[in-house]
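Step one of this worksheet: look at the structure below.
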Amino acid sequence: LTNTTKFKFEINKTTSGTNSIPLSYTKFTTISSASGSRTGYTNTNGKIEFTESNIKAGDYTIKVFEDKTASQKYINILESNYIEINFNVSADGEVNFKNQNQKYKICQPNGTQIVESTQLEFYEKYISVDIDKTSKVNKISVSIKNPVRIGFEMRKVVASTDTALKDTKFNIISGINNEDYVEHKYN
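In the numbering used here, the protein residues as written are 18 to 204.
Structure (structure tokens):
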């Protein structure tokens, strides 16, 4: 006869910045090696919570995919990538990261781990994973912050006449994902 235990899992979704606001209606899929796939939306507090029950002592993995942001004004920092959390559950229900120095991995859709330091630094600004051991049942908590998408219009004009210059080219570099966007404007 093998004793089983349980643990809790939680996703916290907020806006980035100093006044982080919970984001409801963000769609996530989690794939747990313990219980399979779950898809759901964050509640009004920006959370998705579930309990993994009847867990045997051993090593487990949970993958977190952000399927849909709360609205078009938020940037899905994971895009098609996902968070992978590897952990161990003891017979008495204590949950520990398999590698305390690497609480989570960011993986590409094909399963390849992202290891480039600039990309990892970017993700570390918006993602954190911790284990809360303050209650009787340990809880893995994933926090993801979403930057807000900002729209703007740019025109280059002759100062003395306010006439638009034709064939003006702008290079815009996004500070969110360091991608270079180039747009041609013809006026």
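From the three backbone atoms N, C-alpha and C, an ideal C-beta is built for every residue, glycine too. If you're wondering where the values come from, they're calculated on a predicted model, not measured in any experiment.
Query: Identity of the residues DSSP links to residue 27 by a beta bridge; Result: 66 and 158
Query: Where residue 164 falls, given that 16 or more other Cβ within 10 Å makes a residue buried; Result: buried
Query: Residue 57 versus residue 135 - alpha carbon distance; Result: 31 angstroms
Query: Whole-angstrom C-beta distance between residue 110 and residue 47, which should lie under 8 angstroms; Result: Residue 47 to residue 110, Cβ: 20 angstroms. No contact.
Query: Pick from 105, 75, 143 and 175 that is closest to residue 123, judged by C-alpha positions; Result: 143
Query: At least 3 beta-carbon pairs within less than 8 angstroms: the stretch 57-72 vs the stretch 90-105; Result: no
Query: Beta-carbon proximity of residue 50 to residue 78, cut-off 8 angstroms; Result: yes
Query: Entirely enclosed alpha helix (DSSP H) segments - the stretch 76-157, minimum 4 residues; Result: 134-143
Query: Same chain only: Cβ atoms within 8 angstroms of residue 61, ignoring 5 sequence neighbours per side; Result: 39 and 41
Query: Pair within 8 angstroms by beta-carbon distance, residue 102 and residue 65; Result: no
Query: Euclidean distance between Cα positions of residue 24 and residue 105; Result: 11 angstroms
Query: DSSP three-state assignment for residue 55, whether helix, strand or coil; Result: strand
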